[in-house]
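Residue numbers (this note's numbering): 5 to 619.
By construction, the Cβ of each residue, glycine as well, lies at the ideal position given by its N, Cα and C atoms.
Structure first, then comments.
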């Protein structure tokens, strides 16, 4: 079924919306006009995704320190449940590196891991609570139509978080690659702790493990270099497993994965009784971080792929799908699920026509779990750890890091804060610290207008003083008020204009308000205080380019009666300069001189090619 860019929201007999903008089982719409060629295309894409999802599920379970069945079941269940409620084919759901390392850090922080980083029995009992709570948060967010709020989270934060997670993943796999156990009873959780523990235990490295890791790296690099379109992760694991049999024949023992039976222990009920008072805060905090991370990952991936295909994404519908997939994982032994960039890209590039492809992919992974669950005991742990390192390294994208770290000072600060918190503390703290920092820096940015003084150049035209114009003592000052004049900027606006009013020669102050946005009560009160201050200095205030919304705010707030009607000039969209011209004429009348010198103060606009403003 070819993608339809103009799909209608009226689905007729299909299940009604459960919330504005959210459909129940939108996959039924995809099946209405489903054709044989659509089935063929979706199945081919599903097979490619499944061949990637199965070994990745194993890898992400290893990262989290939990049995691999949770990663495999998470890959299957999330894909199946997500496909039923997703509104598009662009997001492939399942475990990811970022969510896995967040889970590992939580267990380590709660001291529920052993020296190998493996989760304890208590940790496994807590595991279903994380996708359950995260799923509830995401479903509620989609119902309240809050998914679009993720656009206010900087990409800088996500880049820094993923980079920190990747570094921690690589560091935490070194002991598996080298074949030794950490000293002590508990696994380290932060990057510095993992690095120090690795250095302390490196003398216990195993030769066979190092040899297997090196062989796996060579095999993977050769396959990736010559056969990029093949499922190289799965092929490498099969070849490494065969090689481990040769190692065993020579008496070289390697640690292997633990076999599992897909027929037992699949269905599980989250048990809130295992949650203690001391762990309650950490669990809820982690679940919130998971929900935020899942929404950010999933929506950003989906929007990017949808844009390439010329389509749009319903963020609330996709958030609902991510939430329901996590709820399903909570009851079917799955890890927390999010949008996977690699699997999503493979799905779309393989020619998927609808969300049915992810349904097929989940069923294939689930079937594989039943048939080869016992065979994973032949997979050597050093080989899987080596592939995890390659997957983690692929998340560190130097081009993106350079872009976000150097673009602006604010981006650099947000990136550094998120990265440092992620490496030194925990990833759940890092994501919230990064988001908070980016929001605060944004508020600071929009609340700091800059004024550029205008004077007369040699030709007698108004120009910026920095461009060669001469500074003059103004009798009339014109101030371009540009930017956000909400509560955070009101005080700074007042102080800047007050400094202009300190000029002893100033008789008239003209405020241009066309580009002043989001006035509120605080800004109105600041303007009222400014009127009082300038009145004491015998300075008249003229307001020009007044938009209708600004005039309404003046009227509703009670400020309008305080303003002289002769000093108010409404903006004329058909003639943008008319309002300013009238204000300047009025200013000259007030100073009783037609030749009054006029100096303009304007907010600096740092946009290339933009013409300077003149009046």
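{"Query": "Provide the residue span of the alpha helix (DSSP H) that contains residue 144, from first to last.", "Result": "133-147"}
{"Query": "Quick test of your reading: residue 298 and residue 78, contact by CB under 8 Å. State the CB separation rounded to the nearest angstrom.", "Result": "Going by Cβ atoms, the distance from residue 298 to residue 78 rounds to 12 Å, so no, they are not a contact pair."}
{"Query": "Roughly how many angstroms separate the alpha carbons of residue 640 and residue 303, rounded to a whole number?", "Result": "Past the boundaries of the shown model lies residue 640; the chain is included only from 5 to 619, so the question cannot be answered."}
{"Query": "Using CA atoms only, rank isn't needed, just tell me which of 340, 165 and 192 is closest to residue 442.", "Result": "165"}
{"Query": "Specify the secondary structure class of residue 480 as computed by DSSP and reduced to three states.", "Result": "strand"}
{"Query": "Excluding the five sequence neighbours on either side, which residues of its own chain have a C-beta within less than 7 Å of the C-beta of residue 359, listed in chain order?", "Result": "31, 34, 87, 90, 92 and 93"}
{"Query": "Could you give the uninterrupted runs of the alpha helix (DSSP H) lying entirely in the stretch 356-420, keeping only those of 4 residues or more?", "Result": "360-376, 385-398 and 402-410"}
{"Query": "How about the stretch 215-229 and the stretch 376-386: do they share at least three Cβ pairs that are nearer than 8 Å?", "Result": "yes"}
{"Query": "Which stretch, first to last residue, makes up the beta strand (DSSP E) that contains residue 180?", "Result": "Run containing residue 180: none in the beta strand (DSSP E); it sits in the alpha helix (DSSP H), 159-182."}
{"Query": "Note down the Cα distance separating residue 330 from residue 498, rounded to an integer number of angstroms.", "Result": "50 Å"}
{"Query": "If I'm right that residue 366 touches residue 83 with Cβ under 8 Å, what's the distance once you round it to whole angstroms?", "Result": "3 Å"}
{"Query": "Would you list the residues sitting across from residue 342 in a DSSP beta bridge?", "Result": "98"}
{"Query": "So, helix, strand or coil for residue 611, using DSSP?", "Result": "Interpretation of residue 611 is limited by its pLDDT of 37, a score under 50 that renders its predicted location unreliable; no figure is taken from the coordinates."}
{"Query": "Less than 8 Å between CB atoms is the rule here; does residue 509 satisfy it with respect to chain C?", "Result": "Among the protein chains of the structure shown there is no chain C, as only one such chain exists."}
{"Query": "By Cβ distance, which residues of its chain are closer than 8 Å to residue 626, with the 5 residues on each side in sequence left out?", "Result": "Given a span of 5 to 619 for the chain in the structure shown, any question on residue 626 remains unanswerable."}
{"Query": "Are there three or more Cβ pairs, one per stretch, closer than 8 Å when the stretch 276-294 is compared with the stretch 400-416?", "Result": "no"}
{"Query": "Return the Cβ separation of residue 274 and residue 132 in integer angstroms, given the expectation that the two are a contact with Cβ distance under 8 Å.", "Result": "4 Å"}
{"Query": "How about residue 517 and residue 551: are their beta carbons less than 8 Å apart?", "Result": "yes"}
{"Query": "Would you mind stating whether residue 382 and residue 260 have Cβ atoms separated by less than 8 Å?", "Result": "yes"}
{"Query": "Closer than 8 Å is the cut-off here; do at least three beta carbon pairs connect the stretch 540-550 with the stretch 568-585?", "Result": "yes"}
{"Query": "Can you tell me whether residue 108 is buried or exposed? The criterion is at least 16 other CB atoms within 10 Å of its CB, across all chains shown.", "Result": "buried"}
{"Query": "Mapping the DSSP letters down to three states, classify residue 194 as helix, strand or coil.", "Result": "coil"}
{"Query": "In three-state DSSP terms, what is residue 238?", "Result": "helix"}
{"Query": "Provide the residue(s) that pair with residue 219 in DSSP beta bridges, ordered along the chain.", "Result": "Paired residue(s): none; residue 219 is not in a bridge."}
{"Query": "Residue 543 lies in the beta strand (DSSP E); which residues open and close that run?", "Result": "Per DSSP, residue 543 belongs to no beta strand (DSSP E) and is neither H nor E."}
{"Query": "Any idea what DSSP makes of residue 126, helix, strand or coil?", "Result": "helix"}
{"Query": "DSSP puts residue 514 in a beta bridge; with which residues?", "Result": "482 and 546"}
{"Query": "Using only the alpha-carbon positions, how far apart do residue 393 and residue 43 sit?", "Result": "35 Å"}
{"Query": "Rounding to the nearest angstrom, what Cα-Cα distance links residue 481 and residue 537 in this structure?", "Result": "16 Å"}
{"Query": "Among 526, 220 and 293, which residue has its Cα nearest to the Cα of residue 430?", "Result": "293"}
{"Query": "If you count every other CB in all the chains shown that lies within 10 Å of the CB of residue 160, and 16 or more means buried, which is it?", "Result": "buried"}
{"Query": "Quick one: measure Cβ to Cβ for residue 100 and residue 427, integer angstroms, because I've assumed they're closer than 8 Å.", "Result": "Rounded, the Cβ-Cβ distance is 19 Å, inconsistent with contact."}
{"Query": "In three-state terms, what does DSSP make of residue 264?", "Result": "coil"}
{"Query": "At what residue ranges does the stretch 21-108 contain a whole run of the alpha helix (DSSP H), taking only runs of 4 or more?", "Result": "31-36, 40-68 and 72-89"}
{"Query": "Would residue 377 and residue 231 qualify as a contact pair, given that the criterion is a beta-carbon distance under 8 Å?", "Result": "no"}
{"Query": "Is the stretch 347-359 touching the stretch 143-150, taking contact as three or more C-beta pairs under 8 Å?", "Result": "no"}
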